[in-house]
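J.:
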Amino acid sequence: MDVYLLQLFNGLSISSILLLVALGLAITFGLMKIINMAHGELIMIGAYSTYLTQNLFKDYLPESLFNWYFVLAIPVSFGIAFIFGLILEMSLIRFLYGRPLDSLLATWGVGLVLQQLARTIFGAPNVAVKSPAWLDGGLRIMNGTLLPYKRLFIIALVIACLVAMYFYIYRSHEGRRMRAVMQNRDMAACLGVSTRRVDAMTFAIGSGIAGIAGCALTLMGPIGPSLGTYYIVDAFMVVVLGGVGKLVGTVLGATGIGMFNTLFEYWTNASLGKVLVFVCIVAFLQWKPMGLVAMRSRSLD
Amino acid sequence: MKESAILQCDDVTVEFDGFKAVQGMSLKLLKGELRFLIGPNGAGKTTMLDVICGKVRPTAGRVTFGGKVDITRKKEHQIAELGIGRKFQAPSIFPSMSVMENLEIAMRQKRTVFATLFAKMLDEDRDRIGHQLTMIGLQEKSGWRAGGLSHGEKQWLEIGMMLLQEPEILLLDEPVAGMTDKETDKTGELLHEIARKRSVVVVEHDMEFVRNFASKVTVMHEGKLLKEGSMDEVQSDDRVAEVYLGKRRDADVSRSTA
Amino acid sequence: MQLKPFTTQRIWILIGYAAAAAALFSAPLFVSDFRLNLLAKFLAFAIVALGLDLIWGYTGILSLGHGIFFGLGAYAMAMYLKLEASGGRPPDFMGWSGLKELPLFWKPFEYFGFAVAMGIIIPALLALVLGYFTFRNRIRGVYFTILTQAIVIITTTLLIGQQAYTGGTNGVTGYSTLLGFPLASPDTKRVLYWVTVAALIGIFVFCRFVIGSRFGKVLRAIRDGENRIRFIGYNPAVYQMVIFTISAGIAGIAGMLFVLHVGIISPSMLGIVPSIEMVLWVAIGGRGTLIGAALGAILMNWAKSEFSTAYPEGWLFFMGLLFVVVVVFMPKGVAGLVSQLKVRKKRREPKNEGVRNPAV
């Protein structure tokens, strides 16, 4: 019983990380149809931002404050990744709308450059980020099963991000413009929405969320220049499985992949588990080729 | 009369996420008939064509081809092979290929991988394509990239491709939308010629264009059949007038939408 | 295929091809053994590029999984070579992982013919299965691309995870002979080089035949409008499956040749990065032109071998930037630039022949 509870929790934890990584993609891929392969590197940027924030606290602020660096690191990671995303959109992505496959290749090139840049600045070896003391230890439930605070914190962080995104997209003025542009660009432009600005903002927000994901990943272990590449393909699978255009799909996709991954790895081993998950995804797509939640349209292509 | 019906739609209903685009529509097309499908915006005309050519699966109802084959569950390419050709509203040709190549692959032939891999251009084929090129007036441009043609020329090329397919039924969705008057006249001539040999269903907004043909007209409204008959009968019908009155302006404005 | 008249331009092109083929065949006469070995490797890569161009350039399907097809071919050949080196006993790495018996699926790889057949059949079969489950359901475009990338991830994790059967991260290396001839001897290397040149020319001609046929025109039509072609009566899924399978088989052949020249295959040679690098070769050379794809592969790998050892960091920067520049500013690659120049020249001449063949 305990074992299953722990597996369930592990699955949930993996799902939450996947979701955090995939949320940004749900925006850039789901709404803008841009395959941003540099998303992984934006995550890496978020992680290094956290690393830098930690170092600043360590070097310039009294020790008593150190534990609170992480609270600041979240907005800092978001902000820095946001700026990178903004620059990326304005200099490159804007030429690639309507060419999803080309966007994939070009952003992969960008990712390569960013990775190399990180390697030049921070060195190739991984660096460790010391997580704050208040996240050490865990919650003890029932007879001794320990739920680490770090993982609980990530789950909470994901929920917070989801709620914030929901309110932004569906309740705010800006979000309404964003949805208008994504659904009917020409019409929105006619009604006086600056589509250029909305595109740039949307992409930057997607990138910023990648930054938060990177910040959260520092809790899970040391970080390195190729941090993002471990997650990027899984994250895309989440979006493919979940279907594009709706947040619900992404949440369900991440939960599904995370849970099944844990389950299969528990039953078999790490490498076979991955194969089984992939087979399940392809099998599922036989039934629903457009993913869990899909929008229908009448156009020819 | 029943044996000569080439296409029979019975009680066709189509639902998109709860919205009923077509509700219990029935349509009978005779062999060699030219039929116009008209109606205000959102009447379900294009959806009806989509059902016939297999692009949209009806939620309920049956579509029978040639008196016996139920095509409701068949795939698009199977339906096309049976002999139903579809021309979409926006010209959909293959832009990166030459006019000649567009016609070559559309030509009636065996369409398996093996057959196309070893297919040779016979003199007979070249004659057929040449004849078609003359008919659509593109013989001078056979080597052009199809994407570089004008809008009207693209429409004709697509009609030419469909004719080389030699379907028994042709489904045309607003063939004159976005055309100049001169182009419209030429398309009208083409249509007259086409209709001599096969059954044709045309969705059209342009009433002037429809009046040039003495043929049966089906009026759809809100996914249902409203009236069927000659153009005169249709025009004198009260319900049709009601649907169209005050909306006539709409119909003119929206030539290019559906 | 149409019979085309022998215009002067066509004759010149044919002469060009003949000269290139002659130069390739006679390369051993004026190139050092070391350089010859490098060139042979590049030619093997050019073969993958041809296969990749068939599906990406002509059919519009982007596969980021060609590293795997290439790798499966390579592994098939490597298994044969390894068994020949160990005299049919379990290879060294199996012993390290405590495996005493040769696994059953390794046994038939003792036979050269079987290994070569598998080097083509296994990648082709994997492509067919993946293609069947995706194209049939109209999973395409970026969705398909992402799935091919997932295939790469799971295959490499499998190869690394099942160390006892696959050699793990180190891969399979340490060969001695091929059909009794020592692999290290310059004579064997020269013969293998010629085999590679012959394979490249053969596959090039085959690809020309495929894209020149009506089948090839249907492929281009699929690239232009997959949905439209259904209403003409073609089933695009079958065409996509066939060309994807052919393309994977070609990658498998290239992988087998690669192992013979390089003497090692490991998971890092077929992962995400090598797979996407293959796409870059085609992009730079020019997608949609066979000669462009092949030249792109040779050129890029030559540049890589020249610069990457001297400036490993600079090389990655350069490659990343090249990706961006090529995709954004020259989507048709170098071959596209060349044909653009040609068209510009032609425009000045009175007769416009149009674009029957956009480029050679």
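Chains as they are written, first to last, in the working numbering: chain A, 1 to 301; chain B, 1001 to 1258; chain C, 2001 to 2360.
Idealized CB from N, CA, C, for every residue including glycine.
Going by alpha carbons, who is nearest to F1209(B) out of K1182(B), W1156(B), R1196(B)?
T.: When the alpha-carbon of F1209(B) is set against those of K1182(B), W1156(B), R1196(B), the nearest one is in K1182(B).
J.: Would you say the beta carbon of N36(A) is closer than 7 Å to some non-hydrogen atom of the ligand NAD?
T.: No copy of the ligand NAD appears in this structure; indeed no ligand is present at all.
J.: Do you know how far the Cα of K1087(B) is from the Cα of R2214(C)?
T.: 22 Å
J.: Could you check what DSSP says for G192(A) in three-state terms: helix, strand or coil?
T.: coil
J.: In terms of alpha-carbon separation, which member of L114(A), F284(A), Y168(A) lies closest to A81(A)?
T.: L114(A)
J.: Does the distance from the C-beta atom of G24(A) to that of I257(A) stay below 8 Å?
T.: no
J.: Of all Cβ atoms in chain D, is any one closer than 8 Å to the Cβ of G109(A)?
T.: As a matter of chain content, chain D is missing from the structure shown, whose protein chains are A, B and C.
J.: DSSP three-state label for H1221(B), please.
T.: The three-state secondary structure of H1221(B), taken from DSSP, is strand.
J.: Shorter than 8 Å from the beta carbon of Q1165(B) to some beta carbon of chain C?
T.: yes
J.: Distance, Cα to Cα, L8(A) vs I2151(C)?
T.: 27 Å
J.: Mind listing the chain C neighbours of A1080(B)? Cutoff is C-beta to C-beta under 9 Å, in chain order.
T.: Neighbours of A1080(B) in chain C, taken as residues whose beta carbon is under 9 Å from its own, are R2230, F2231, I2232, G2233, Y2234 in chain order.
J.: Apart from the five residues on each side of it in sequence, which residues of its chain come closer than 6 Å, Cβ to Cβ, to Y2017(C)?
T.: None.
J.: Going along chain B, which residues have a C-beta under 7 Å from K2217(C)?
T.: M1097, E1101, E1104, I1105
J.: Here's the rule: buried if 16 or more other CB atoms are within 10 angstroms of the residue's CB, otherwise exposed. What is F1200(B)?
T.: Here the sequence assigns Val to residue 1200(B), which means Phe is not the residue at that position. It is buried - the Cβ of V1200(B) has at least 16 other Cβ atoms within 10 Å.
J.: Strictly below 9 Å CB to CB, what residues from chain A border F2133(C)?
T.: V282, A283, L285, Q286
J.: According to DSSP, M1025(B) sits in a beta bridge with which residue or residues?
T.: V1012(B)
J.: Tell me the residue span of the beta strand (DSSP E) that contains R377(A).
T.: This structure does not reach residue 377(A), given that chain A is present from 1 up to 301, and the question cannot be answered.
J.: Helix, strand or coil for I1006(B)? Go by DSSP, reduced to three states.
T.: Taken through DSSP and simplified to helix, strand or coil, I1006(B) comes out as strand.
J.: To test your reading of the DSSP string, which unbroken alpha helix (DSSP H) runs of 4 or more residues are found completely within the segment 1127 to 1194 of chain B?
T.: Counting whole runs of 4 or more residues, the segment 1127 to 1194 of chain B contains the alpha helix (DSSP H) stretches 1151 to 1164.
J.: Thinking C-beta only, is G85(A) closer than 8 Å to V244(A)?
T.: No. Outside cutoff.
J.: Does the Cβ-Cβ distance between P2098(C) and L2270(C) come in under 8 Å?
T.: According to the sequence shown, residue 2098(C) is Gly rather than Pro. Not a contact, by the Cβ cut-off of 8 Å.
J.: What does the alpha-carbon distance come out to for the pair I1038(B) and K1216(B)?
T.: 11 Å
J.: Classify I154(A): buried if its beta carbon has 16 or more other beta carbons within 10 angstroms, exposed otherwise.
T.: buried
J.: Could you tell me which chain A residues have their CB closer than 9 Å to the CB of E2313(C), listed as they occur along the chain?
T.: Q116, R119, T120
J.: Please list, in chain order, all residues of the same chain as R185(A) whose beta carbon is under 7 Å from its beta carbon, the five residues on each side excluded.
T.: Same-chain partners within the cutoff: T195.
J.: Can you list the residues of chain C that A210(A) reaches, using a CB-CB cut of under 7 Å?
T.: The contacting residues do not exist; A210(A) stays about 17 Å from chain C at best.
J.: Out of M1220(B), S1236(B), E1189(B), state which residue places its alpha-carbon closest to the alpha-carbon of F1213(B).
T.: Its Cα nearest to that of F1213(B), the residue E1189(B) stands out among M1220(B), S1236(B), E1189(B).
J.: How far does the beta strand (DSSP E) with A1060(B) in it extend, from its first residue to its last?
T.: 1060 to 1065
J.: Mark G1085(B) as exposed unless 16 or more other C-beta atoms lie within 10 angstroms of its C-beta, in which case mark it buried.
T.: buried
J.: Just grab the DSSP bridge partners of P2182(C) for me.
T.: Answer is T2177(C).
J.: Which two residues bound the contiguous beta strand (DSSP E) that contains K150(A)?
T.: No beta strand (DSSP E) contains K150(A), which is instead part of the alpha helix (DSSP H) from 149 to 166.
J.: So for M2001(C), helix, strand or coil by DSSP?
T.: At M2001(C) the pLDDT is 39, less than 50, meaning the model places this residue with poor confidence and gives no usable figure here.
J.: CA-CA distance, G1160(B) and L1133(B)?
T.: 7 Å
J.: From the beta carbon of K274(A), is the nearest beta carbon of chain C less than 8 Å away?
T.: yes
J.: How about A189(A) and L18(A): are their beta carbons less than 8 Å apart?
T.: no
J.: Using a cut-off of 7 Å between C-beta atoms, extract the partners of V233(A) located in chain C.
T.: Q2149, A2150, I2153
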